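Numbering (this note's numbering), first residue to last: 769 to 1505.
Structural data, given as structure tokens:
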């Protein structure tokens, strides 16, 4: 069998989401667990193979054959070689019959419903032997092939002195799912290609880190190196630049922890670190300087005073709790010259507060409430100083990233044990801080940070739920939020089936936590996940269930109204997607009517994800869905009215009061839907304006979902105005994404 692999060319733009008219029928993801998607050419969406599809006879053997062919050059293998791999001890006649059955099963798996295409072909000549070959790109898109193509194109561009950062980034995102065919780790036919891909991934990570440092994007460089090094702790070539980056930021304790972890991994292999690695570690130890920190003897009361809050007061139980968690509507104006340093000091203060609370055994919601309020204060103060200032934005982003990674120092101790009440309380407080920061990061362009941080400690939280009943509710409260966050990341990475799984986990843990507000929020996320996965009936059923649970009994009378408003808004979209016009209109009207003017003590997972901006979004979404419903029933005039109504509703986002923070991922979604409404209403000027804004926003966010939405709207515009060259030229805006 050949050992050299030649990748089929894959252009960097079309592979993300094939055109409805594209010949792409199957998408196969081989990094991480194998995942196969059929492309629905009519609806323009992807449907994952489920257990029902895989229940056919010989399905398991068919998947083995598929993975073997994907690992071979040109996706081709001889019959004799296949039989030798899978049935070496069976007679040639029996093996040949077995192979014919498996080939039939694989062809059935690769044939989407309603399709007549044969994507597994018999090839060869009597002289060279007969074999089987999978159809080439674009009929079958494979992530490993696309990864190799992007790496090769990036290297080729740099050879001629051209910028190739975007290609390296695309390649890195494709490989981020994990090891190539991880379930076939020891299969001899998969090992050669896995080794080549791992080498290319290593090249990609190092090249990205170098380019990010050259462009001044040190946080991104650190993220890439740290993620890769955690998976390859003996790779000193990744460790050394990571230590350098940490040293440049004077994060000496983290650098030392990384070095010690590498030492342990190397000792398990019976070798010492490279001399260059040792030199960097010794240099950082010698370079350490004393930095301004919060004094260890400060009490929680003193820490709260430093932050500028009302002090922490003892409740009847003797536990220190915030006396007042309502943000001062008119905080004092601050004049700061060095915003990054100011934010760094604020983070140090918050770390001190967390350390002061480790013996108090507070509810995680209390920790989150304190941190959420303080971050909102940062937003107000930075807005006064000039929200567009690069120093302010950089300082705030670094502060949130630092809080998001705060639990890393304790993670190893918790995993290693022994577990004490003091250690667990401190760990849960730090996880509370991290998840709070992650919710705020998702208001902006923090997708990559959240995607990197959460998988580090989320498995530990889920283990605590199972193993320690005393900490079951606290851990479940945080784990549910963690899975909601990962579900949002999966959405923006177009991993819709994965998002459904994450949201189901969130619902389960919200039940365990016994928090109705969190449960309703999780159910609404699950309903939306069903929608993006094409499961409209399940979407409606879940949204109806969320409404039933939305009668939340809380101390604050306005909180149940906010939760119920969210449930009605999601339900309206569910009704609209299922063509239930009157129910949709009544539900969205109710969501608007009961939305409270002022709500205090909103949990961070609700405050950062729902507000008037989402009421506006769902008003627009519902009208767009109803417009599509009218088009299907050939009512163009009614459809036009719905598009006009959608445009009018979505335009309200520009009239929102200034204090309202619209998450960037939702702002760009609204813009994309404004472009769709403009197409339906026949307004080409508005369509072009919103499309360009949506594409720019999707690129800044790094969101494949927002990009997909923009591509879908452009295709609808192309169908609406097929002879307009102006529309065709707009396709160029997707090339650099």
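Using N, Cα and C, we set each Cβ at its ideal position, and we do this for glycine too.
Keep in mind that this is a model prediction, so the values were computed, not measured.
{"query": "Residues that residue 1203 bridges to, as DSSP identifies them", "result": "Looking at the DSSP assignment, residue 1203 forms no beta bridge with any residue, so it has no partner."}
{"query": "Neighbour-count burial assignment, residue 1288, 16 or more Cβ in a 10 Å radius", "result": "buried"}
{"query": "Cβ-based burial, residue 1040 [other Cβ within 10 Å; buried from 16]", "result": "exposed"}
{"query": "Rounded distance between the beta-carbons of residue 831 and residue 802, thought under 8 Å", "result": "7 Å"}
{"query": "Burial state of residue 1208, where buried means 16 or more other Cβ atoms lie within 10 Å", "result": "buried"}
{"query": "Candidates 1046, 961, 1134, 1049, of which the one nearest residue 1371 by Cα", "result": "1134"}
{"query": "Distance CB(residue 1361)-CB(residue 1383) smaller than 8 Å", "result": "no"}
{"query": "Residues bridged to residue 855 [DSSP beta-bridge criterion]", "result": "None, per the DSSP bridge assignment."}
{"query": "Counted within 10 angstroms of its Cβ, other Cβ atoms place residue 815 as buried (16 or more) or exposed", "result": "buried"}
{"query": "Residues near residue 1243 by beta carbon distance below 6 Å, same chain, minus five either side", "result": "1229, 1232, 1233"}
{"query": "Coil, strand or helix - residue 1178 by DSSP", "result": "helix"}
{"query": "Neighbourhood of residue 963 by C-beta distance below 8 Å, restricted to the same chain and skipping five residues each side", "result": "none"}
{"query": "Where residue 983 falls, given that 16 or more other Cβ within 10 Å makes a residue buried", "result": "exposed"}
{"query": "Same chain, Cβ closer than 6 Å to residue 1430, neighbours up to 5 away in sequence not counted", "result": "1381"}
{"query": "N-terminal and C-terminal residue of the alpha helix (DSSP H) that residue 936 is part of", "result": "933-943"}
{"query": "The beta strand (DSSP E) enclosing residue 1347, as first and last residue numbers", "result": "Run containing residue 1347: none; DSSP gives neither H nor E here."}
{"query": "Same chain, Cβ closer than 7 Å to residue 1473, five either side skipped, listed in chain order", "result": "1259, 1260, 1262"}
{"query": "Buried versus exposed call for residue 1266 [16 or more other C-beta atoms within 10 Å across all chains shown]", "result": "buried"}
{"query": "Coil, strand or helix - residue 1111 by DSSP", "result": "helix"}
{"query": "Three-state secondary structure (DSSP) of residue 902", "result": "strand"}
{"query": "Pair within 8 Å by beta-carbon distance, residue 1478 and residue 1468", "result": "no"}
{"query": "Inter-residue spacing [alpha-carbon to alpha-carbon] between residue 1447 and residue 1400", "result": "16 Å"}
{"query": "Meets three-Cβ-pair contact criterion under 8 Å: the region 987-994 and the region 952-967", "result": "no"}
{"query": "Neighbour-count burial assignment, residue 1404, 16 or more Cβ in a 10 Å radius", "result": "exposed"}
{"query": "CB-CB length for residue 796 against residue 807, believed under 8 Å", "result": "That belief does not hold up - the Cβ atoms of residue 796 and residue 807 are roughly 11 Å apart, past 8 Å."}
{"query": "Among 1115, 1285, 1475, 1444, the one whose alpha carbon lies nearest that of residue 1487", "result": "1444"}
{"query": "Burial state of residue 1334 (16 or more Cβ within 10 Å)", "result": "buried"}
{"query": "Range covered by the alpha helix (DSSP H) that runs through residue 830", "result": "827-838"}
{"query": "Which of helix, strand or coil DSSP assigns to residue 1503", "result": "coil"}
{"query": "Residue 946 beta carbon less than 8 Å from that of residue 800", "result": "yes"}
{"query": "Rounded C-alpha distance that separates residue 1366 from residue 1425", "result": "13 Å"}
{"query": "DSSP bridge partner residues for residue 1039 (one or two, in chain order)", "result": "In DSSP, residue 1039 forms no bridge with anything."}
{"query": "For residue 845: DSSP bridge partner residues", "result": "900"}
{"query": "Residues sharing a beta bridge with residue 806, DSSP", "result": "794, 815"}
{"query": "For residue 1214, the nearest candidate out of 1240, 1195, 1253 (CA to CA)", "result": "1253"}
{"query": "Neighbour-count burial assignment, residue 862, 16 or more Cβ in a 10 Å radius", "result": "exposed"}
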